[in-house]
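Engineer: So for the sequence shown, the working numbering puts the first residue at 1; every next one is plus one.
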Amino acid sequence: MSDGEMNLRVVTEHLLHLSEKQSRAADKLIGANRAVSGVAEAVASTHGVACSLTNQAVTEAVSRRAAAGENLRKVSTELDEKLKSAAGNYANADYMAGKSIDNECSM
């Protein structure tokens, strides 16, 4: 097969492999968000009111980081589901095309 032909070839196993990577990425994002849970509170309790502006900045940064992490997790989860669906659709299309060819050849 030429490179051009290979670019058009869909490998179901590869789609499932990519899906698994997205699933693992989503899991890691959950862990990453948990890892910084409580950081803002810890800064506030250890640094006190003298660092209130810093505490506010840390609280805002942690909040935005959590939101970004959650958005990334949603995207990874959605992509995981779409890749699994695509793999199933391609496998089904191959199966149905094979049955159609078998029926035509047996005439």
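Where is the CB? At the ideal position from N, CA and C, for every residue including glycine.
As the structure is a prediction and not an experimental result, all values here were calculated from the model.
Using the Cα positions of His14 and Ala87, report the straight-line distance between them to the nearest angstrom.
Structural biologist: Taking the sequence shown and counting its residues from 1, the one referred to as residue 14 is at position 14. Taking the sequence shown and counting its residues from 1, the one referred to as residue 87 is at position 87. If I take the Cα positions, the gap works out to 9 Å.
Engineer: Quick check: the Cα distance between Lys99 and Ala26, rounded to an integer number of angstroms?
Structural biologist: Along the sequence shown, read from residue 1 onward, the residue named residue 99 stands at position 99. Along the sequence shown, read from residue 1 onward, the residue named residue 26 stands at position 26. Taking the straight line joining both Cα atoms gives about 37 Å.
Engineer: One question on the structure: do Ser63 and Leu29 come within less than 8 Å of each other, judged by their Cβ atoms?
Structural biologist: Taking the sequence shown and counting its residues from 1, the one referred to as residue 63 is at position 63. Taking the sequence shown and counting its residues from 1, the one referred to as residue 29 is at position 29. In this structure, Leu29 does not lie closer than 8 Å to Ser63 by Cβ.
Engineer: Please name the residue in Tyr90, His47 and Gly69 whose C-alpha comes closest to that of Ala35.
Structural biologist: As a position in the sequence shown, residue 35 is number 35, starting the count at 1. Residue Gly69 is the option with its Cα nearest to Ala35.
Engineer: Anyone know if the C-beta pair for Leu72 and Ser19 falls short of 8 Å?
Structural biologist: Reading the sequence shown from its first residue, position 72 is the one you call residue 72. Reading the sequence shown from its first residue, position 19 is the one you call residue 19. No.
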